[in-house]
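One structure below.
2 protein chains.
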Amino acid sequence: MARSSAQPPESAPVAVVGAGYAGLSAALALHDRGVPALVLEGADRVGGRVHSGRTEHGVVIDHGGQWVGPTQHRLLAWAERFGCETFPTWETGRAVELWHDGAVREFTGSGPDDGPGVAEYHDAVARIDALAAGIDLDAPASCPRAAEWDAETVHSFFRRTVACSEARRRLDLAVQGVWSAEPREISVLHLLFYVASAGGFDQLMDTAGAAQDSRFAAGAQAPALAAAERLGDAVLLGTRVDAVEQRGDGVVVRTSRGPVRAERVVVATPPPATAGIRFEPALPTARQRWVQRSAMGDVAKVHVVYPRPFWRDAGLSGIASLYGADATGVVFDNSPRGAEFGVLAAFVYGDRLRAWSAMSARDRRAEVLGTLARLFGEQARNPLEYLEKIWPTDEWVRGGYAANPAPGSWIAHGAEGWRAPCGRVHWAGSETASAWHGYIDGAISSGERAAREVLAAL
Amino acid sequence: MARSSAQPPESAPVAVVGAGYAGLSAALALHDRGVPALVLEGADRVGGRVHSGRTEHGVVIDHGGQWVGPTQHRLLAWAERFGCETFPTWETGRAVELWHDGAVREFTGSGPDDGPGVAEYHDAVARIDALAAGIDLDAPASCPRAAEWDAETVHSFFRRTVACSEARRRLDLAVQGVWSAEPREISVLHLLFYVASAGGFDQLMDTAGAAQDSRFAAGAQAPALAAAERLGDAVLLGTRVDAVEQRGDGVVVRTSRGPVRAERVVVATPPPATAGIRFEPALPTARQRWVQRSAMGDVAKVHVVYPRPFWRDAGLSGIASLYGADATGVVFDNSPRGAEFGVLAAFVYGDRLRAWSAMSARDRRAEVLGTLARLFGEQARNPLEYLEKIWPTDEWVRGGYAANPAPGSWIAHGAEGWRAPCGRVHWAGSETASAWHGYIDGAISSGERAAREVLAAL
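Structural data, given as structure tokens:
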């Protein structure tokens, strides 16, 4: 089992920085090939942006990443390997949208069939998918129009190409929901790459058959915990990495519990956390710039626990989209598999998160419960439990879901700075993945790719 | 005199991180008020992005910042205080522009009177100045159109508002020259703020009467060296700061030479360097995001030394602008005051820097000398000396001239994250300045502002 107060050994063939899914995946792939890898994790738990827990009433919830979809083959393989059961995300009933002018509309399926801007939204999505089809997932900056796409923010792109302001409202919320960023913060190229990486815009947006298809009965951290269990005392918790010093004959990793010598190092932290590690010699400029210009998205996830999923009585699915002044952008029914309790999960993103997180704890709660009451009735005001996870304040992750490169970063620094090894240092993390970039699945495949690099070099 | 191998004292009333102009200014302002401040500098010299030297032939050159202009009151005050002489930048004669199609045009004064796109360029500059007039220098994100301006890249803005592609070429080079960044990397709001901060677009661009008005006879580092001399052994070189830990009763600054306890700390590094310091408790999210989303510009400065300024014989000023495939974007006559030698300084920016710095040293030299030969004749191919300073690879500064916030950063994080003190930690650096932001003058005023904050708090 992962150790949290042990001194690290003096040396290991491979050191892995970070025990999120990417780091665990790299270590497990090496372990499966008989190469011991020591995993160094600053936090007191594994899983990174995936963190499951039980509420006071014993309800399993996921404070972070939670879903798995049918084309997420690597995560599904882990679920299978470690015997982690999944179940379909609840979407039976009518979803609700609360429009900016106060109008409330209900619909079934993955989105409204009509309503302001719906047709134009679908047209825009079709155009985005068509453009995304031209992206090379292993070299996003290499396609002919990459320079043009990386020079424009998604905000400007929508203003320029989508005449209907109501459709733009829908697109803006989609961007907030998928990238946990405002459309001004990412480039068109990054949007297109991300869409291509998932297999299409609706793969990112939809529930059944797409990214939000299913959940883990024991929480999405379960496969990570099982992998850590398999790795045993090769996982060191509470061990912060301060520096990575490459020498001619190896690497010295300086940790808060002492140095570790290794042949190779896999750094599997989100890019902004990499900026806090001192590298000797300094990383190549392209890698430095890539890291510097990648910032975590801004998201908070609020769980509200009720005695039962009362909204289902009224034929509501618990899914909602909010286009107005509410802090909440999107709501899902996150009740446990057997629905012994009713759980709603409210997501707060970007600008709305900044305003909401500046409120007092009491006001934040009142704000979210008020929104849920308008959506689902007055019962929503009296939950059994209310839990918040504001990811930007997480000591180790400092945001979510993923880091987004600033406009211009792909074209200027992507070719060399994205994930190319720097000497004996290899890079993992969902931000280095080609398929399902930014998702748990991408984290796992990135660790496996880094492990292959290390095996080829050892 | 600054010490480079001493153990720091156990404590000081104020610790200043970084001995660039901002850090020296903060320490000097405190020193002048009788408050001792200890300056901790990782490099083995003071001056930061300002670094003067002598070539083998004894010619004074500035590898980094070098100019002073008439409205840069704080830098002029330091020049006066420390008796550092200045002299006008050489601009007698005809400047040259090498157009993208190979055409060569000559002109006198600060820019061409005619030529492709000249009139439209001036129209665009007038519009920029008019928009910049609405910026509040102490709160750039507060103006009514800030959200709109911060959501669009300068690249998109020029495409949308400047129909003439030839004018856009001129604007693009202006942006590269002033921000050492590509137009896609900065937002319209940051451009407007910077213009307002300098007092107008032409203040940024012009020589006589503007930002490039004069140079320092002994190099632009001379005032910094004099300030450090005044501070004596309160300046510790070769002392890297790894962590800043705030406690209830003070701050512990962890350095590569041991800890220092202080009442207050002024962090006066460029924002990206701040990301390498571990803060306990973690900085507020807005400050973290601001730092994460600010990246240094990309610039190299090449000095080529000749026996004499031979271009002056042909009536050329040595000033050139290049719009084609050359690595060099802009050339200045950087000869010493008495012109005992002739010196040309070639600036390489952004994308062109990335391509050029990937070449071998031999090819880089041949490329620049070939450009100078086309501009000033074959004599340019045979210099006495050739010196490069590629700022992105500088161990401590890692870019230049300044850090530019990514699009969307001002509006999302600027209000709280720009320069508001975080407990006992205060912020200095040219990137925190209102007037002459990004310039030496702004660095000095930022240090003085931080010193005022500290004095008010002690």
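Chains as they are written, first to last, in UniProt numbering: chain A, 1 to 458; chain B, 1 to 458.
Just so it is clear, CB atoms sit at the ideal spot from N, CA and C, and this is done for glycine as well.
C-beta neighbour in chain B for Q292/A, strict 7 Å: yes
G36/A burial status per 10 Å Cβ neighbour count (16 or more: buried): Per the sequence shown, the amino acid found at residue 36/A is Pro instead of Gly. When all chains shown are included, P36/A counts as exposed.
Beta-carbon gap between A295/B and A22/B smaller than 7 Å: no
Residues in the region 30-43 of chain B having any Cβ partner in chain A nearer than 7 Å: none
Completely contained beta strand (DSSP E) runs for the region 35-65 of chain B, where each covers 3 or more residues: 37-40, 52-54 and 60-62
R247/B, buried or exposed, once every other Cβ within 10 Å from all chains shown has been counted against 16: exposed
Straight-line Cα distance separating E229/A from D136/A: 36 Å
Residue range of the unbroken alpha helix (DSSP H) whose run includes A451/A: DSSP places A451/A in the uninterrupted alpha helix (DSSP H) bounded by I440 to A457.
Through-space distance from G338/A to A217/A, alpha-carbon basis: 9 Å
Check: A420/B C-beta below 6 Å from any heavy atom of the ligand COA: For the structure depicted, the ligand COA is absent and the ligand set is empty, with no information on it obtainable.
Burial state of F87/B, where buried means 16 or more other Cβ atoms lie within 10 Å: exposed
For Q246/A, three-class secondary structure by DSSP: strand
For S187/A: DSSP bridge partner residues: T153/A
Span of the beta strand (DSSP E), counted from its first residue to its last, around Y386/A: E385 to I390
P140/A in three-state terms, based on DSSP: helix
Between the CA atoms of A345/A and V304/A - distance to the nearest angstrom: 6 Å
Short CB-CB distance (under 7 Å) between H190/A and chain B: no
Against chain A: residues of the region 155-177 of chain B by CB proximity under 7 Å: With the criterion set as a beta carbon lying under 7 Å from some beta carbon of chain A, the members of the region 155-177 of chain B are H155 and S156, in sequence order.
Beta carbon proximity, P392/B to chain A, threshold 7 Å: yes
Neighbour flag for R374/A against chain B, beta carbons, 7 Å: no
Inter-residue Cα distance where the pair is Q203/A and V331/A: So the alpha carbons of these two residues sit roughly 18 Å apart.
Minimum Cβ-Cβ distance from A227/A to chain B less than 7 Å: no
Beta-carbon spacing of G93/A, S335/A below 7 Å: no
Near-chain B residues of the region 135-152 of chain A - C-beta to any C-beta below 7 Å: D150, A151 and E152
Per DSSP, the bridge partner or partners of A12/A: Note: A12/A sits in a beta bridge opposite A262/A.
The beta strand (DSSP E) enclosing L375/A, as first and last residue numbers: Run containing L375/A: none in the beta strand (DSSP E); it sits in the alpha helix (DSSP H), A361 to F376.
Cβ neighbours of W149/A in the same chain (closer than 7 Å, five flanking residues each side left out): Here the set comprises S187, V188, L189 and L192.
Classification of R81/B by the beta-carbon crowding that lies within 10 angstroms, buried from 16 upward: exposed
Extent of the continuous beta strand (DSSP E) to which S214/B belongs: Run containing S214/B: S214 to F216, per the beta strand (DSSP E) assignment.
T285/A: first and last residue of the uninterrupted alpha helix (DSSP H) it sits in: T285 to Q292
Partners in chain B for E185/A, counting only beta-carbon separations shorter than 9 Å: A151, R293, A406, P407, G408, S409 and A412
Local Cβ density within 10 Å of H155/A, reported as buried at 16 or more and exposed below that: buried
Where the beta strand (DSSP E) containing P88/A begins and where it ends: T86 to P88
When L455/A, A415/A and R419/A are compared against S142/A, the one with the closest alpha-carbon: Among L455/A, A415/A and R419/A, the Cα nearest to that of S142/A belongs to A415/A.
CB-CB length for A275/B against V291/B, believed under 8 Å: Between A275/B and V291/B a beta carbon distance of about 5 Å is seen, short of the 8 Å cut, so the two are scored as contacting.
A327/A versus A262/B - alpha carbon distance: 40 Å
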